[in-house]
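In this note's numbering, the protein residues as written are 103 to 490.
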């Protein structure tokens, strides 16, 4: 082993750890560390109780003879004997911190321009997305989210400049345009599956038809419908503000990706015209679930959203876009290729949010302490473990 290289790596990691502003550290899973710390504490308390409360076999306090001071373990010996235990305890504590996946959120300043494809992802979070996709035992929203995340993985490192919008009865912007793939991936991953007024039998849908976990639901008054008209109007205004911010003379080619089951209240024909006037091509990741709709109570059952579904698909195709069914194995690949074929747009990159993982700084220091503490413990036991 090249001990020089190893010591150099450890020295650099130690300097990074000492230079880390602990006030800025965030943790991905701090709950795991607290749980493991509680387990370690219980084991430690049980060990102390066993040592203090139970008699030791084959052990006695003294031999009955006076031991000369020069044969006793002095203060230095006791310190060196217990030092490896301190090192091992410190290594365990640092390892527990590393298991919480600490990271720093920083901003990387970048000068110049880059070629990017501009897109808005418009995700349906209406009540119908919480229903089961027939034959899967999962909600339409969960299947749609997995397809969306798979699409983002395919688009990684393609310099997409993307904004995330959610819509039910009303649209909600999660974040403005970003180029950071990892940041955007986690924004989509953490977004709710459904934004509804109430997710219960009062909505006209039986409770046993709901397949959305509670932490993925947002209860908002007057929500639950699929108003894509209002959502596309907001998206158009968002694109207009972005063009004014970029200050480009020519209108760039852009796209809007709609993730939905297409169970819309109204066909947004006027909004598609506005998108076409701005060179914005609509695409749709379609959750084909026409036969899996739970029965609705009351007069609302007279509405036939299946006709609107086909109408929305025809409207998207009429304006140069297309839809990609997640039931089709090649659907996402075709969506990827369609957006990849769009022309790139020069974008001035002023800053980018960066998530910097720093668990390695803690983990390597912990490993170094173990590498020193374990052999030192054996040596201390040989030299000072047997004490008259």
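Backbone N, C-alpha and C fix where the C-beta goes; we use that ideal spot for every residue, glycine too.
- Under the criterion of beta carbons closer than 8 Å, residue 428 and residue 245 qualify as touching, at roughly 6 Å.
- About 25 Å separates the beta carbon of residue 275 from that of residue 259, a gap too long to meet the 8 Å contact definition.
- Under the DSSP assignment, residue 272 falls outside any beta strand (DSSP E); it carries neither an H nor an E label.
- Between residue 472 and residue 190, the beta carbon gap of about 7 Å places them in contact (Cβ cut-off 8 Å).
- Look at the beta carbons and you see the stretch 358 to 375 touching the stretch 410 to 430: at least three pairs across the two are nearer than 8 Å.
- The distance from the Cβ of residue 269 to that of residue 333 is about 4 Å, consistent with a contact at the 8 Å cut-off.
- The beta carbon of residue 193 is closer than 7 Å to those of 468, 471, 472 and 475 in its chain, skipping five residues each way along the sequence.
- Annotation for residue 356: the continuous beta strand (DSSP E) segment containing it runs 356 to 362.
- In the DSSP annotation of this structure, residue 429 is not part of any beta strand (DSSP E), being labelled neither H nor E.
- Bridge pairing for residue 319: 296 [DSSP].
- Where residue 388 is concerned, the enclosing beta strand (DSSP E) starts and stops at 382 to 388.
- When rounded, the separation of the alpha-carbon atoms in residue 366 and residue 330 is 7 Å.
- At least 8 Å separates the beta-carbon of residue 344 from that of residue 385.
- The criterion of a C-beta distance shorter than 8 Å is satisfied by residue 438 and residue 256.
- Here the C-alpha atom of residue 481 lies approximately 17 Å from the C-alpha atom of residue 177.
- A distance of 8 Å or more separates the beta carbons of residue 337 and residue 319.
- When 132, 145 and 224 are compared, the shortest CA-CA separation from residue 359 is found for 224.
- The C-alpha of residue 413 lies about 9 Å from the C-alpha of residue 368.
- Taking the Cβ atoms as the reference, residue 198 lies roughly 14 Å from residue 463, outside the contact range of under 8 Å.
- Sequence-distant partners of residue 139 (beyond 5 residues in either direction) whose C-beta falls short of 7 Å from its own C-beta, in its chain, are 198.
- By the Cβ-count criterion, residue 238 is exposed, with fewer than 16 other Cβ atoms from all chains shown falling within 10 Å of its own Cβ.
- Contact annotation: residue 380 and residue 421 have beta-carbon atoms that are not nearer than 8 Å.
- Look at residue 218 here: in three-state DSSP terms it is strand.
- The C-alpha of residue 485 lies about 13 Å from the C-alpha of residue 185.
- By alpha-carbon distance to residue 242, the top candidate from 289, 291, 295 and 222 is 295.
- One Cα belongs to residue 220, the other to residue 477, and the distance between them is close to 57 Å.
- Distance from the CA of residue 410 to the CA of residue 364, rounded to the nearest whole angstrom, comes to 7 Å.
- Under the three-state reduction of DSSP output, residue 241 falls in the strand class.
- Look at residue 118 here: in three-state DSSP terms it is helix.
- Residue state for residue 366 is assigned as coil, using DSSP reduced to three classes.
- Residue 328 places its beta carbon less than 8 Å from that of residue 230.
- Around the beta carbon of residue 145, a 10 Å sphere encloses fewer than 16 other beta carbons of the protein chains shown; the residue is thus reported as exposed.
- The C-beta of residue 433 has 16 or more other C-beta atoms within 10 Å across all chains shown, which makes the residue buried.
- In this chain, the beta strand (DSSP E) harbouring residue 127 covers 127 to 129.
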